[in-house]
Amino acid sequence: KLWWTPIHIQNLMRLQGIRGPSYRLHYGNATEISNMEKEAMSKPISLSHDIFSYVQPHIHAWTKSYGKNFLQWYGVQPVLVVTEPELCKEILNNKDGVYPKQKPSIFVKKLLGDGITMTEGEKWAKLRKLSNHAFHGESLKAMFPGMIVSAEAMLGRWKNHEGKEIDVFEEFRLLTSEVISRTAFSSSYLEGQNIFEMLMKLSSIIFRNFLKIRFPGMSKLFRTRDDIESDKVEKGIRDSIMEIVKKREKEAIIGEEDSFGNDFLGFLLKAHHGANDKQRVSVDELVEECKTIYFAGQETTSALLAWTVLLLALHPYWQEEARKEVLQLFGKQTPTYESIAKLKTMSMIINETLRLYPPSILLVRKVAREVRLGKLLVPANVELLVPTLALHHEPQFWGQDAALFKPERFSEGVAKATNDNMAAFIPFGLGPRMCVGINFATIEAKITLSMILQRYSFTLSPGYVHSPFRLLTVRPQQGLQVILQSL
Ligand code: HEM
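Each residue of the sequence shown is one higher than the last, beginning at 1 in mature numbering (1 follows the signal peptide of the UniProt record, and there is no 0).
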């Protein structure tokens, strides 16, 4: 397991032209990756958007040395990194279960459980149907007023910062937490606050342990401080979620399934108590889905909003264009659900932000059984990595100015911008596992940006330090400070 199998797989892939850094006993390339990341982070970065080599130095260096697809090792786990777009599409679009999600690590399991983002087959189909119902169509429309109220509350706080510096990343963290609490759980930020804080703690533990390779069986014999802490946090999250669930159950009328409410939590409870065995959701599944939506709904959207504000602060022309469009469409009025889809310039800006700073930078799958991927024969249990950030910064797709902010790339939509090369732009993934919250996140971002642009112009504060940092999403490590000018 430690030597023969890795060497065998390495040789098998080399014979097919797939090279990569050599496997090292037990650790694979974990130490090299970790050292490369530390070195990249130790140097200050200029205010450029060329962040690929900074955030993922090993993928940047190894695609240059070994080619578009290469083999690396997390311990004894072989990982095929794939940046050839045809192969990325083949992996992500597959519907036969050949490329399922990789089994989560101990810590990731505590964050997302075996819920929608991690599971497969019938269980996934059941949970996906439920989430699609909760975050699309009429249900999504019903969430719109909740998003407006949350944005108004944030802008109310901003009145105290006019003419002064404000850390908008922290503000967006609060806003997106409030929005998900209010819309999916009909609860308040305060009720969810505890859960968000514990989810953040778990994210940090996952990040700290990501490249730590442990000897098999050691985790059962020897428990680290992070093992103990993560158990405690996991239990804390479960207890807090159960409190919200119990409260809702108490409010409902016994025997009337519709009285559980028409938000995400209501749909989950209906499925939990419902008569339909196939669609029934267990208590564990209920807790896992709540955790997932609290986490997925907040982390990613706050990063998107922060990076958009950075780019608009650095590019006053686009800030003005976006404002003109908002004022033409809404004047000083509150945005409406029907009109938000008409924001074309803003869509271009959001797409270009998601290209340069995709909150989620890696898509992970595994090979369930020996498979032909393009011309390659890939053995079972190889992990597959589709590095979103690499694809989004690839000059072959985006030109030599790939690192520049140019929303005009998207003036005729995504298909035209990518020359119909779908894998060149995958901020929300691709295929059957594509993000459930894509419309929710885009509407939330558009409302928030519109309401800010109606009230303020903003410039970057001299105190801002550019350090895109990968925790589970890519975020501004030291916040995002801007100076607000009231209009
Ligand atoms: C800018 C915001 C967001 C980004 C960039 C984003 C990105 C992604 C990506 C890349 C995936 C696919 C992962 C994969 O294929 O392995 C995904 C899946 C998912 N996202 Fe999002 N997301 C965002 C917002 C949201 C929101 C607001 C929600 C919930 C309200 C959400 C819920 C989910 C769920 C449940 C999945 C799993 C889908 C499945 O496996 O079937 N996301 N997201």
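In this text, a Cβ means the ideal position worked out from N, Cα and C, and glycines have one as well.
Return the CA-CA distance between valine 371 and arginine 280, expressed in angstroms with no decimal places.
34 angstroms
Could you work out which residue in Ile9, Ser486, Leu472 and Gln396 is closest to valine 108 when comparing CA atoms only?
Leu472
Taking the C-alpha atoms as reference points, what is the distance between serine 46 and serine 259?
55 angstroms
Which ranges would you report for the alpha helix (DSSP H) in the region 71-139 if only whole runs of at least 4 residues count?
85-93, 106-112 and 121-135
Can you give me the C-alpha to C-alpha distance between leucine 389 and aspartate 277, rounded to a whole angstrom?
41 angstroms
Using a Cβ-Cβ cut-off of 7 angstroms (strictly less than) and excluding sequence neighbours within five positions of proline 21, which residues of its own chain qualify?
Asn29, Glu32, Trp62 and Gln72
Beta-carbon gap between glutamine 454 and valine 326 smaller than 8 angstroms:
yes
Note down, in chain order, each residue of its chain lying with its Cβ closer than 7 angstroms to the Cβ of glycine 479, except the 5 sequence neighbours on either side.
Asp167, Phe169 and Glu170
Could you check whether the region 382-400 touches the region 74-91, counting it as contact only if at least three pairs of C-beta atoms, one from each stretch, sit closer than 8 angstroms?
yes
Report the CB separation of leucine 127 from glutamate 289 in whole angstroms; it is logged as a contact under 8 angstroms.
6 angstroms
In this structure, what does DSSP give as the bridge partners for glutamine 481?
Asp167
Have a look at the DSSP bridge pairing and note the partners of serine 486.
Tyr456
Is the beta carbon of alanine 424 less than 8 angstroms from the beta carbon of phenylalanine 405?
no
In the DSSP assignment, what are the bridge partners of valine 364?
Leu385
Exposed unless 16 or more other CB atoms sit within 10 angstroms - verdict on tyrosine 317:
exposed
With DSSP as the reference, please indicate the residues paired to glycine 274 in a beta bridge.
Looking at the DSSP assignment, glycine 274 forms no beta bridge with any residue, so it has no partner.
Mapping the DSSP letters down to three states, classify asparagine 160 as helix, strand or coil.
helix
Can you tell me whether valine 168 sits near the ligand HEM, meaning its C-beta is under 7 angstroms from at least one heavy atom of the ligand?
no
Mind checking who leucine 373 pairs with in its DSSP beta bridge?
Leu376
Examine the Cβ distances between the region 303-322 and the region 199-211 and report whether three or more of them are shorter than 8 angstroms.
no
For glutamate 90 and glycine 374, believed in contact at Cβ under 8 angstroms, the rounded distance
7 angstroms
Proline 476: beta carbon under 7 angstroms from a heavy atom of the ligand HEM?
no
N- and C-terminal bounds of the alpha helix (DSSP H) containing proline 395:
395-398
Does any heavy atom of the ligand HEM sit closer than 7 angstroms to the C-beta of cysteine 435?
yes
Would a C-beta distance cut-off of 8 angstroms place alanine 142 and threonine 301 closer than the cut-off?
no
How many Å lie between alanine 271 and lysine 101 at the Cα?
25 angstroms
Arginine 470 - DSSP class collapsed to helix/strand/coil
strand
For the ligand HEM, is there a heavy atom less than 7 angstroms away from the beta-carbon of isoleucine 349?
no
Status (buried if at least 16 other CB within 10 Å, exposed otherwise) for proline 78
buried
Can you find a heavy atom of the ligand HEM that lies under 7 angstroms from the Cβ of arginine 128?
yes
Spatial distance of threonine 308 from asparagine 439 (CA atoms)
17 angstroms
Which word fits leucine 15, buried or exposed, when buried means at least 16 other C-beta atoms lie within 10 angstroms of its C-beta?
exposed
Would you say the beta carbon of isoleucine 443 comes nearer than 7 angstroms to a heavy atom of the ligand HEM?
no
When you compare the CB positions of phenylalanine 185 and leucine 305, do they come within less than 8 angstroms of one another, or not?
no
Would you call the CB atoms of tyrosine 456 and leucine 484 closer than 8 angstroms?
yes
DSSP beta-bridge partners for asparagine 69?
Val82
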